[in-house]
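> My questions will all concern the structure given below.
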Amino acid sequence: MPDLDATVAALRAALAVAPDNLPLRLHLAQLLHNGGRPAEAQAEYKAALVQVKTALTARPADADLYEQQAEIQKMLGDEAGALVSIGIAIALRGAPPAEEPARPTPPTDGGRTTPPPARRPSIEELENDEPERPGRLSLGSGEDEEIEPEPGLAERPSIAFADVGGMAEVKEAIRMAIIYPFQRPEIFAAYGRAAGGGLLLYGPPGCGKTYIARATAGEVGARFISVGISDILDMWHGQSEHKLHALFETARRMRPTVIFFDEIEAIGGNRLDMRQHFQRTLVNQFLAELDGAEGDNSGMLIVGATNSPWHVDSALRRPGRFDKVVFVAPPDEEARRDILRLHLRGKPASEDVDAARLARDTDGFSGADLRALVDATAEEAMREALRTGKISPLTTNGMLRALRNQRPSTLEWLQTAKNYVLYSNEGGIYDDVATYLRKRKMMR
Numbered sequence: 116m117p118d119l120d121a122t123v124a125a126l127r128a129a130l131a132v133a134p135d136n137l138p139l140r141l142h143l144a145q146l147l148h149n150g151g152r153p154a155e156a157q158a159e160y161k162a163a164l165v166q167v168k169t170a171l172t173a174r175p176a177d178a179d180l181y182e183q184q185a186e187i188q189k190m191l192g193d194e195a196g197a198l199v200s201i202g203i204a205i206a207l208r209g210a211p212p213a214e215e216p217a218r219p220t221p222p223t224d225g226g227r228t229t230p231p232p233a234r235r236p237s238i239e240e241l242e243n244d245e246p247e248r249p250g251r252l253s254l255g256s257g258e259d260e261e262i263e264p265e266p267g268l269a270e271r272p273s274i275a276f277a278d279v280g281g282m283a284e285v286k287e288a289i290r291m292a293i294i295y296p297f298q299r300p301e302i303f304a305a306y307g308r309a310a311g312g313g314l315l316l317y318g319p320p321g322c323g324k325t326y327i328a329r330a331t332a333g334e335v336g337a338r339f340i341s342v343g344i345s346d347i348l349d350m351w352h353g354q355s356e357h358k359l360h361a362l363f364e365t366a367r368r369m370r371p372t373v374i375f376f377d378e379i380e381a382i383g384g385n386r387l388d389m390r391q392h393f394q395r396t397l398v399n400q401f402l403a404e405l406d407g408a409e410g411d412n413s414g415m416l417i418v419g420a421t422n423s424p425w426h427v428d429s430a431l432r433r434p435g436r437f438d439k440v441v442f443v444a445p446p447d448e449e450a451r452r453d454i455l456r457l458h459l460r461g462k463p464a465s466e467d468v469d470a471a472r473l474a475r476d477t478d479g480f481s482g483a484d485l486r487a488l489v490d491a492t493a494e495e496a497m498r499e500a501l502r503t504g505k506i507s508p509l510t511t512n513g514m515l516r517a518l519r520n521q522r523p524s525t526l527e528w529l530q531t532a533k534n535y536v537l538y539s540n541e542g543g544i545y546d547d548v549a550t551y552l553r554k555r556k557m558m559r
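Residue numbers (my numbering): 116 to 559.
This is how it looks when you write it as C-alpha cells:
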C-alpha cells in the first residue's frame, strides 16, 4: 500500500517536529490500525496513553482527558481500565462547580448593566444538547435499567451455579445475600433487608473463588465487573482513591451488579502493616464505599477474594461491609466428581470414565488441579491421535497415568493456614479452616 506508506511517513515526520501533538498521534494510530498494521498501531496508542496520563497530572479534573484515555485503553484491550476512566469522567462531569467568591456589583454604562459571566451549563443540559455516543453511560434519566455500559466493559456471564461443582455453603450464602431478596422482596423488606451486601471468600488458590463470583452474576442476570490491582492502584497521590470511587459510582448506575475484587488485600490490606500514609487512605476510601457513605449500595453484591485473609484489614470483616466471610475449601469427593465431569464435558471422553474412582484418588486437589489433570490426559490423547490419525478418547486408565505426575497444590496453603489457626484465631475467623484440617487429620 504505497499511499498508506507515504501518509504514515508524512505523519511521522510531522510528529518528529511536534511530538506532543496528541490528535495527530491518534490519527496515525487509527490509520495504522485500519491499514492492517496492528503492532505499529499499538505502539502509537501506547505512546498516546503516556501523553494523556502526563496531561492528567497537570489537569486531574479534566473529564475530556479521561474519556480520551478510556478510548485509548479500549483500543489497547484494557477494558477494565477503560471502565474506570469512564466512571471518573462521569463523576467529574456530574460534580457541582466550586462555589465562586462574591463578585462586586458590575459597573453600569449608560444605564445598562454589564451582563454577568455566562452560567456554566449543568450535566443534564449538556447531555440533552449533545448527541448520545454509542455505548455511553447516560445520566439524564436516572433509571438504572436504561443505562448501558461500554460494550465489553461489564459482562453478563453465561455461566450459573449449575456450572459450578460443589461449594454448597458458598452458594447458599450468596443466595441469601442477593438472589432470594430479588425473588421474594416482600419477605426481606419485612425484616429490613435489601438485596446486595458484601461477601469475602478466602482459601487456597485454584478452588473457584473467581468462578463462583462470575456464576453469581449469571445466576441473577446481573452485570459482572472484575477489578484487578492495576485497575485501582496509581502512582499519583489521590488517584487510586478517585478510581475506586468512580468504579463504585459506575456500578451503582448499572445495578444489579456483582463487583469482584481479586487479591483484595492489595487495596484492603491491614493498615497496621502499612508505613505509607497514602496506602491507609485507600483502605479508608474502600471502607467508606462499602458502608454506602458515598452512595446507595442496594442491588450490588460486592465480592472479595483472597488467598491471604491474615493480611486483610480487620475493619473490612465487620458486619455491614463484608457481612459473610466464607472459607472456600478444596472440593470434597462429591464436588471433585462433579468438577471432573464438567471438565470432561465437550471432550472425546469414554462413556465409562470412572469419575467416582478418580474423585477418590484426588483428595486435596483444587478445581484448578483437576482441570490440569484433564488437560494432561487430553494432551496424551492428542499425541496418540496425531500419530494414528484417529481421535483417541479420554479414558480412566489414561487419567490415572496422568495422575501419577500430579500433586495437590493446596497443601502449602493449608500448612500456612494451620499456623494462623493455632496462634491467631482469637476471633474465630479461622474456625472453618480448623474444622477442615481436623477432618484431614492435619491437626490434633
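Positions of the beta carbon are idealized from the N, C-alpha and C atoms, including for glycine.
Here's the rule: buried if 16 or more other CB atoms are within 10 angstroms of the residue's CB, otherwise exposed. What is Tyr545?
Start at 1 with the first residue of the sequence shown, and residue 545 comes out as number 430. The residue is buried, with at least 16 neighbouring Cβ atoms inside 10 Å.
> State the DSSP-derived secondary structure class of Asp259, mapped to helix, strand or coil.
As a working note, residue 259 is residue 144 in the sequence shown. Residue placement at Asp259 is flagged as unreliable, the pLDDT there being 39, under the threshold of 50; a coordinate-derived value is accordingly withheld.
> Can you tell me which of Pro371, Glu356, Pro138 puts its alpha carbon nearest to the alpha carbon of Ile344?
Here residue 344 refers to the residue found at position 229 of the sequence shown. Of the candidates Pro371, Glu356, Pro138, the one whose C-alpha sits nearest the C-alpha of Ile344 is Glu356.
> Secondary structure at Arg140, three-state DSSP: helix, strand or coil?
For the purposes of this step, residue 140 is identified with residue 25 of the sequence shown, where counting begins at 1. Three-state DSSP puts Arg140 in a helix.
> Only counting the same chain, and skipping five residues up and downstream in sequence, which positions put a Cβ closer than 6 Å to that of Met190?
The residue given as residue 190 occupies position 75 in the sequence shown. Excluding sequence neighbours, Met190 sits near Tyr160.
> Could you tell me which of Gly482, Ala483, Phe376 sits nearest to Leu431, measuring between CA atoms?
In the sequence shown, counting from the first residue as 1, residue 431 sits at position 316. Among Gly482, Ala483, Phe376, the Cα nearest to that of Leu431 is on Phe376.
> Would you mind working out which of Val443, Ala283, Tyr551, Glu364 sits nearest Gly574, comparing C-alpha positions?
Outside the displayed range of the chain (116 to 559) lies residue 574, so it cannot be described from this structure.
> Using three-state DSSP, classify Ser345 as helix, strand or coil.
Here residue 345 corresponds to residue number 230 of the sequence shown, with the count starting at 1. If DSSP states are grouped into helix, strand and coil, Ser345 belongs with the helices.
> At which residues does the beta strand (DSSP E) containing Thr421 begin and terminate?
Working through the sequence shown from its first residue, we reach residue 421 at position 306. It spans 415 to 421 - the beta strand (DSSP E) in which Thr421 sits, taken as one unbroken run.
> What are the boundary residues of the beta strand (DSSP E) that includes Thr372?
What you label residue 372 is simply residue 257 of the sequence shown in a count that begins at 1. Unbroken beta strand (DSSP E) run through Thr372: 372 to 376.
> Is it buried or exposed, Trp351, if we count other Cβ atoms within 10 angstroms and call 16 or more buried?
Within the sequence shown, the letter at position 236 stands for residue 351. Under this definition Trp351 is an exposed residue.
> Just to confirm my understanding: we take Pro424, look at its own chain, exclude 5 residues before and 5 after, and list those with CB closer than 6 Å. What are they?
By one-based count along the sequence shown, residue 424 stands at place 309. Contacts found: Tyr317.
> Suppose you measure from the CA of Gly313 to the CA of Gly435; what does that come to, to the nearest Å?
Taking the sequence shown and counting its residues from 1, the one referred to as residue 313 is at position 198. Taking the sequence shown and counting its residues from 1, the one referred to as residue 435 is at position 320. About 8 Å.
> Considering only C-alpha positions, which residue in the set Cys322, Gly321, Leu315, Ile293 is nearest to Arg308?
Counting from one through the sequence shown, the residue named residue 308 turns up at place 193. The shortest Cα separation from Arg308 among Cys322, Gly321, Leu315, Ile293 belongs to Ile293.
> Around the Cβ of Pro134, are there at least 16 other Cβ atoms within 10 angstroms (buried) or fewer (exposed)?
By one-based count along the sequence shown, residue 134 stands at place 19. With fewer than 16 other Cβ atoms within 10 Å, it is exposed.
> If we ignore side chains and look at the alpha-carbon of each, how far apart do Phe339 and Phe297 end up?
To locate residue 339, count along the sequence shown from 1; it is residue 224. To locate residue 297, count along the sequence shown from 1; it is residue 182. When rounded, the distance between both Cα atoms is 17 Å.
> Residue range of the beta strand (DSSP E) that Lys439 falls in?
Position 324 of the sequence shown, counted from the first residue, corresponds to residue 439. Segment 439 to 442, the beta strand (DSSP E) holding Lys439.
> Assuming Tyr317 is part of the beta strand (DSSP E), what are its boundary residues?
Residue 317 sits at position 202 when you count from the first residue of the sequence shown. Note, Tyr317: beta strand (DSSP E), 312 to 317.
> Express the C-alpha separation of Val489 and Leu459 in angstroms, rounding to a whole number.
What you label residue 459 is simply residue 344 of the sequence shown in a count that begins at 1. What you label residue 489 is simply residue 374 of the sequence shown in a count that begins at 1. When rounded, the distance between both Cα atoms is 7 Å.
> Could you please give me the residues that DSSP links to Glu270 through a beta bridge?
The count along the sequence shown starts at 1 and reaches residue 270 at position 155. DSSP lists Phe339 as partners of Glu270.
> Is it buried or exposed, Pro371, if we count other Cβ atoms within 10 angstroms and call 16 or more buried?
For the purposes of this step, residue 371 is identified with residue 256 of the sequence shown, where counting begins at 1. Per the 10 Å Cβ criterion, buried.
> Three or more C-beta pairs closer than 8 Å, one from the segment 480 to 499 and one from the segment 532 to 544: is that the case here?
As far as the Cβ criterion goes, the segment 480 to 499 does not touch the segment 532 to 544, which means the pair count is below three.
> Is the beta carbon of Arg386 closer than 8 Å to that of Asp428?
Your numbering for residue 428 matches position 313 in the sequence shown. Your numbering for residue 386 matches position 271 in the sequence shown. Yes, they are a contact pair.
> I need the straight-line Cα distance from Asp478 to Pro523, nearest angstrom please.
The count along the sequence shown starts at 1 and reaches residue 478 at position 363. The count along the sequence shown starts at 1 and reaches residue 523 at position 408. For Asp478 and Pro523, the distance between alpha carbons rounds to 8 Å.
> Let me know if Met497 comes out buried or exposed under the rule of 16 or more other beta-carbons within 10 Å of its beta-carbon.
Start at 1 with the first residue of the sequence shown, and residue 497 comes out as number 382. Met497 should be labelled exposed.
> Got a sec? Which residues, its chain only, sit under 8 Å from Glu378 by beta carbon, not counting five neighbours each side?
In the sequence shown, counting from the first residue as 1, residue 378 sits at position 263. These residues qualify, in order along the chain: Gly343, Ile344, Ala420, Thr421, Asn422.
> May I have the straight-line CA-CA distance separating Glu263 from Ala162, to the nearest angstrom?
Sequence index remark: in the sequence shown, residue 263 carries index 148 (1-based). Sequence index remark: in the sequence shown, residue 162 carries index 47 (1-based). Reliability of the predicted coordinates at Glu263 is poor, the pLDDT of 41 falling under 50, and no value is obtained from them.
> Cβ of Ser465 within 8 Å of Cβ of Thr525?
The sequence position of residue 465 within the sequence shown is 350, counting from 1. The sequence position of residue 525 within the sequence shown is 410, counting from 1. Result no, Cβ atoms of Ser465 and Thr525 do not sit closer than 8 Å.
> If you check the beta carbons only, do Val123 and Leu139 fall under 8 Å apart?
Numbered from its first residue, the sequence shown carries residue 123 at position 8. Numbered from its first residue, the sequence shown carries residue 139 at position 24. Contact: no.
> Since Ala471 sits in a beta bridge, which residues does DSSP pair it with?
The count along the sequence shown starts at 1 and reaches residue 471 at position 356. Answer is none; Ala471 lacks a bridge partner.
> Quick test of the definition: if touching needs 3 or more C-beta pairs under 8 Å, does the segment 273 to 291 touch the segment 397 to 409?
Contact between the segment 273 to 291 and the segment 397 to 409 is absent, because fewer than three Cβ pairs lie under 8 Å.
> Compare the Cα-Cα distances from Ala549 to each of Ala444, Ala483, Thr511, Leu457 and report the closest residue.
What you label residue 549 is simply residue 434 of the sequence shown in a count that begins at 1. With distances taken between Cα atoms, Ala549 lies closest to Ala444.
> List the whole-angstrom C-beta distance separating Ala474 from Glu448, where the pair is believed to meet the contact cut-off of C-beta under 8 Å.
Taking the first residue of the sequence shown as 1, we reach residue 474 at position 359. Taking the first residue of the sequence shown as 1, we reach residue 448 at position 333. That belief holds up - the Cβ atoms of Ala474 and Glu448 are roughly 5 Å apart, short of 8 Å.
> Smallest Cα separation from Arg57: which of Leu457, Ser507, Ala310, Pro272?
Only positions 116 to 559 of the chain appear in this structure, which leaves residue 57 out of reach.
> Given Gln400, which residues of its chain have a CB within under 6 Å of its CB, disregarding the five upstream and five downstream residues?
As a working note, residue 400 is residue 285 in the sequence shown. For Gln400, where only same-chain residues beyond five positions count, the Cβ hits under 6 Å are Glu356, Leu359.
> In whole angstroms, what separates the C-alpha of Pro320 from that of Ala403?
Translated into positions along the sequence shown, residue 320 becomes position 205. Translated into positions along the sequence shown, residue 403 becomes position 288. So the alpha carbons of these two residues sit roughly 28 Å apart.
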